[in-house]
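A.B. asks:
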Amino acid sequence: MLHILLNVDGFVIPIPKGKVAAYKKMAKMGCKTWMKHGALAYFECVADDAKAPYSKSFTQMCKLKKNETVIFAFIVFKSKAHRKQVNAKVHKEFSQMPGAENFSMPFDASKMAYGGFKTLVQD
-15 MLHILLNVDG
-5 FVIPIPKGKV
5 AAYKKMAKMG
15 CKTWMKHGAL
25 AYFECVADDA
35 KAPYSKSFTQ
45 MCKLKKNETV
55 IFAFIVFKSK
65 AHRKQVNAKV
75 HKEFSQMPGA
85 ENFSMPFDAS
95 KMAYGGFKTL
105 VQD
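First residue of the sequence shown: -15, per our numbering; consecutive thereafter.
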């Protein structure tokens, strides 16, 4: 069996349910851009069953309000170095887009959680 140790950027984002369509539009643009610059895979997922009976749920962890849901997203890279290279290109492209200085996210960015992760276990 071939094992490839990958690196992942992960995101957990509480978002108003009424802004999921706007987020999806933004996420499609993000997917296109990250993949163009070399990401191996790109996923944006919206909660379908966020209440876990056996542990703290995303609903509890994010302290979701009744009008909110949660996005779980991750981008896959070859390595930490590859992740840094791709992200630098993506951020440069985004910063050079017309209107970038006035762009507003369809969610409260201060409630978003982010981290870079390396493979621990894989099959």
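Note that CB positions come from ideal geometry on N, CA and C, so glycine has one too.
(1) Tell me, to the nearest whole angstrom, how far the beta carbon of PHE58 is from that of ASP(-7); I am working on the premise that it is less than 8 Å.
(2) Considering only DSSP beta bridges, list what PHE56 is partnered with.
(3) Is it true that the CB of TYR98 sits closer than 7 Å to the CB of PHE(-5)?
(4) From PRO90 to LYS3, what does the alpha carbon distance come to, in whole angstroms?
(5) Using the beta-carbon count (16 or more within 10 Å), is PHE61 buried or exposed?
(6) Between the Cα of GLN69 and those of PRO0, ALA11, MET19, spot the shortest distance and give me the residue it belongs to.
(7) I'd like to confirm the pairing. Which residues does DSSP put opposite ASN(-9) in its beta bridges?
(8) Take ASP92 and list the residues in its own chain whose beta-carbon comes closer than 8 Å to its own, dropping the five residues that flank it on each side.
(9) Quick one: residues in its chain with C-beta nearer than 6 Å to the C-beta of ALA11, no 5 flanking neighbours on either side, listed in chain order?
C.D. replies: With the structure as the only source:
(1) 6 Å
(2) VAL(-4), CYS29
(3) yes
(4) 6 Å
(5) buried
(6) MET19
(7) PHE61, LYS102
(8) PRO(-2)
(9) GLU28
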